[in-house]
Ligand SMILES: Nc1ncnc2c1ncn2[C@@H]1O[C@H](COP(=O)(O)OP(=O)(O)OP(=O)(O)O)[C@@H](O)[C@H]1O
Ligand SMILES: [Mg+2]
């Protein structure tokens, strides 16, 4: 009934306007709008094609296999091996996932299954805020707070667990994969929590009540009924988090050390692809093939990220979309 | 005979809504008690107070006592899961758990550690599926997902699942209203068979179903129990105007 | 106590611990930025551009970066709005073929996933091709690319939630789709649209990797679209990279300013959408 009242002025104006004129206008605007919706596809295509084109010079000088598996990065000598950077990207992302996933899943379960509505109403803006903090600010936090902590922590761990290669230490600075992983973990937390909450919401309440009515505790209900049903959705959420972590640039660049060597310990520095691109854009026009190599790095990064992003996006559409019907 | 459930001076509020007002009720053992009344009068709320489902909702408050076998189920230190194990629920819509037919029935057994050795699980699953009248239809596909069953079969599965935890009380909240007539008939027959061993409380809107099944009738209106007694008295000779009006279909 | 109850208690403890960890991280970040940034912040920082010897610790401020960031993000938001609003409206009112709308949404989701450094690298090649130098215009274009999917999907989500019958009511009264889009959808969804715009603005103003290549950096406030422009995230990044503690302190102050802007934008969008929400039908 209320809707009527708001619509009155439109009704009048549409009667006053000549019929034909309106129809033409509608058609025209419809066509224009349709053309604009092609824009996202066009951008996607142009980004990919232009990166491929700009990478051509280096692809004609070196084979793809050579580039992807090469360990040496000496632009002045014309050696462009991407492997240390690809490895660094995955090391840091993996570190971040290991640190982020358990607390994120537990927090999401807490927020969507346990806590009072009042707490989850407060938690949402806080998580939005966490997602909105700019990555240089994360970087500042990492440099000021996390790197020194990791520096101290690494010397202690090294004393006791140094014999395990993963924890061995040959880097006294604290600028390391662990630091990058911690910063990234906090950065992707709001994404993973949000997706997981959304996925948990796809389980109908009646299913939970059915289990509770049989005398199951809340946790038993979650463990045996809710989680098995949402496993793939939660996994997709984690992959989504990974896709965000893989492309993160500034925050990681500021704390990860940037040494072009394949890392072997969490206290080693690493040099992820985004950092490589960001750090060297300045001189890339002055050395032959260097610009093609850096844009190649951008292309490799784009392909990796798109792979993870596409899998998770399509899976989540299917999962969250399906049960909304 | 000592009543199985005693409700004393029960009041329930959802925020500001006073959903149950000064309920006093005695529910006889091993009989079918039918609760009737117009929509919104508090029947579901009363059932939920019996298996402590009310406390799942943050905004509810309640006062009064509910005794099962003379013991207050809301007393301090009472384990909720034990209360719910004692009072099984058959909801309006069947919600099979997202697992196989077999596991649906075995779920409660495992949760409560009622089957220390594996072999007896098989036997119990078969027993309760038989008791719910579903065994013949599903014995060849026990390990298929329960969601593949028809709605009527799902409701009987929910019955088997509820029976498997060996409750003393069965709470049915319009358990046949989502079913086709034949499936509804199935459930009714099961309930008739089961009443020798269980105390059954059934909410229904269907007058004829109530007449067929009831051993004891409770009539509610606007959160109050207006009248309760044997079906002969209530159906044929109601003392209250409002009961009569309801029975004549005036609501 | 039963085993199941003990397990429940333990798990619940871990959940509380995890959730507090998340909240504490947020607190830790904010406290770090405030503690480091506040002592270095003063009025001169906010109202002066860098003077000679600023990067050695002498006089000046970061007004160039503050204004530059507002120019960049403001321009990019306007540019993105020009395209995202029609797309979002089209998805709701014009797309009779649902599969097309689904593909558009998918492409937007994919664009959203592209790292900003890749947009930066792409923007750089684009500018080379067009013969542009690092400039305000270049920065605006690349930031607009970054903001477009965020803004469009944000609008799309709120517009999609609009009850369909209101739209049908408008059709029934004889309104064309364009009129429906302009009068009904837009007016109803204004709070959500404003939220989406501010969200995109916040992302734009905070992004460093995409403007690194494309906007350049300068001590002056640009007076033309073709001049390079400074930005707050890069002010933080570059000043932290110098060896002088005074300059590093100014980086912390710049980080604080940036964080405050983000906070204001996000609180502002909440306040605005709550306020405007009163004039729409619930
Ligand atoms: N979760 C809730 N929050 C607020 N009010 C509620 C809630 N559940 C029920 N009520 C209110 O309590 C009153 C009793 O509801 P109840 O569901 O018990 O009625 P009912 O007799 O089962 O009705 P029906 O025959 O339609 O199922 C109603 O006025 C209802 O609006
Ligand atoms: Mg009811």
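Protein chains in written order, with the numbering used here: chain B, 1283 to 1607; chain A, 50 to 300; chain X, 1049 to 1330.
Even glycine gets a Cβ: it sits at the ideal position worked out from N, Cα and C.
What residues from chain B crowd round residue i, counting only those whose CB sits closer than 8 Å?
{"i": "residue 114 (chain A)", "result": "The contacting residues do not exist; residue 114 (chain A) stays about 21 Å from chain B at best."}
{"i": "residue 130 (chain A)", "result": "1497, 1498, 1499"}
{"i": "residue 1154 (chain X)", "result": "1595, 1596, 1599"}
{"i": "residue 1080 (chain X)", "result": "1422, 1423, 1426, 1427"}
Label residue i either buried or exposed according to how many other C-beta atoms from any shown protein chain fall within 10 Å of its C-beta, with 16 as the threshold for buried.
{"i": "residue 1371 (chain B)", "result": "buried"}
{"i": "residue 196 (chain A)", "result": "exposed"}
{"i": "residue 1377 (chain B)", "result": "buried"}
{"i": "residue 100 (chain A)", "result": "buried"}
{"i": "residue 193 (chain A)", "result": "exposed"}
{"i": "residue 288 (chain A)", "result": "exposed"}
{"i": "residue 1104 (chain X)", "result": "exposed"}
{"i": "residue 1291 (chain B)", "result": "In this prediction, residue 1291 (chain B) scores a pLDDT of 47, lower than 50, which makes its location untrustworthy; the coordinate-derived value is nonetheless stated afterwards. Label assigned to residue 1291 (chain B): exposed."}
{"i": "residue 1300 (chain X)", "result": "buried"}
{"i": "residue 204 (chain A)", "result": "buried"}
{"i": "residue 64 (chain A)", "result": "exposed"}
{"i": "residue 1514 (chain B)", "result": "exposed"}
{"i": "residue 291 (chain A)", "result": "buried"}
{"i": "residue 1356 (chain B)", "result": "exposed"}
{"i": "residue 1253 (chain B)", "result": "A query on residue 1253 (chain B) cannot be resolved here, the shown segment of chain B reaching from 1283 to 1607 and no further."}
{"i": "residue 1386 (chain B)", "result": "buried"}
{"i": "residue 130 (chain A)", "result": "buried"}
{"i": "residue 90 (chain A)", "result": "buried"}
{"i": "residue 1427 (chain B)", "result": "buried"}
{"i": "residue 1272 (chain X)", "result": "exposed"}
{"i": "residue 1421 (chain B)", "result": "buried"}
{"i": "residue 114 (chain A)", "result": "exposed"}
{"i": "residue 1463 (chain B)", "result": "buried"}
{"i": "residue 1567 (chain B)", "result": "exposed"}
{"i": "residue 1072 (chain X)", "result": "exposed"}
{"i": "residue 1100 (chain X)", "result": "exposed"}
Give the C-beta separation of residue i and residue j to the nearest angstrom, bearing in mind that I take them to be a contact with Cβ-Cβ under 8 Å.
{"i": "residue 1204 (chain X)", "j": "residue 1118 (chain X)", "result": "In fact, because the Cβ distance is near 27 Å, the residues do not count as touching under 8 Å."}
{"i": "residue 1458 (chain B)", "j": "residue 1551 (chain B)", "result": "6 Å"}
{"i": "residue 1326 (chain B)", "j": "residue 1074 (chain X)", "result": "Contact doesn't hold; Cβ gap of about 33 Å is too wide."}
{"i": "residue 1390 (chain B)", "j": "residue 1482 (chain B)", "result": "7 Å"}
{"i": "residue 1121 (chain X)", "j": "residue 1191 (chain X)", "result": "7 Å"}
{"i": "residue 1594 (chain B)", "j": "residue 1521 (chain B)", "result": "4 Å"}
{"i": "residue 1337 (chain B)", "j": "residue 1578 (chain B)", "result": "4 Å"}
{"i": "residue 1539 (chain B)", "j": "residue 1477 (chain B)", "result": "In fact, because the Cβ distance is near 30 Å, the residues do not count as touching under 8 Å."}
{"i": "residue 1261 (chain X)", "j": "residue 1563 (chain B)", "result": "5 Å"}
{"i": "residue 1276 (chain X)", "j": "residue 1266 (chain X)", "result": "5 Å"}
{"i": "residue 1097 (chain X)", "j": "residue 1268 (chain X)", "result": "7 Å"}
Please list, in chain order, the chain B residues whose beta carbon lies closer than 7 Å to that of residue i.
{"i": "residue 107 (chain A)", "result": "1398, 1399"}
{"i": "residue 221 (chain A)", "result": "Neighbours of residue 221 (chain A) on chain B: none; closest Cβ ~12 Å, over 7 Å."}
{"i": "residue 91 (chain A)", "result": "Those do not exist, as residue 91 (chain A) stays about 19 Å from chain B at its closest Cβ, beyond 7 Å."}
{"i": "residue 1053 (chain X)", "result": "1499"}
{"i": "residue 161 (chain A)", "result": "1497"}
{"i": "residue 100 (chain A)", "result": "1495"}
Find the residues of chain X that neighbour residue i, judging by a C-beta separation of less than 8 Å, and give them in chain order.
{"i": "residue 1451 (chain B)", "result": "In chain order: nothing, as chain X lies at least about 25 Å away."}
{"i": "residue 1580 (chain B)", "result": "1165, 1166, 1169, 1170"}
So if DSSP puts residue i in a beta bridge, which residue, or which two residues, is it bridged to?
{"i": "residue 194 (chain A)", "result": "A:149"}
{"i": "residue 276 (chain A)", "result": "A:268"}
{"i": "residue 55 (chain A)", "result": "A:75, A:116"}
{"i": "residue 121 (chain A)", "result": "A:116"}
{"i": "residue 111 (chain A)", "result": "A:61"}
{"i": "residue 1590 (chain B)", "result": "DSSP output for residue 1590 (chain B) lists no bridge partner at all."}
{"i": "residue 1355 (chain B)", "result": "B:1362"}
{"i": "residue 1150 (chain X)", "result": "Per DSSP, none; premise fails for residue 1150 (chain X)."}
{"i": "residue 220 (chain A)", "result": "A:138, A:250"}
{"i": "residue 84 (chain A)", "result": "A:252, A:267"}
Using a Cβ cut-off of 7 Å, pull out every chain A residue sitting near residue i, in sequence order please.
{"i": "residue 1404 (chain B)", "result": "Residues of chain A passing the Cβ test: none, with the nearest at roughly 15 Å."}
Give the interface partners of residue i over in chain B, defined as CB-CB distance under 9 Å, in chain order.
{"i": "residue 156 (chain A)", "result": "1493, 1496, 1498, 1506, 1507"}
{"i": "residue 134 (chain A)", "result": "1496, 1497"}
{"i": "residue 1300 (chain X)", "result": "1422, 1426"}
Applying a beta-carbon distance threshold of less than 8 Å, which residues of chain A neighbour residue i?
{"i": "residue 1488 (chain B)", "result": "140, 142, 144"}
{"i": "residue 1510 (chain B)", "result": "147, 148"}
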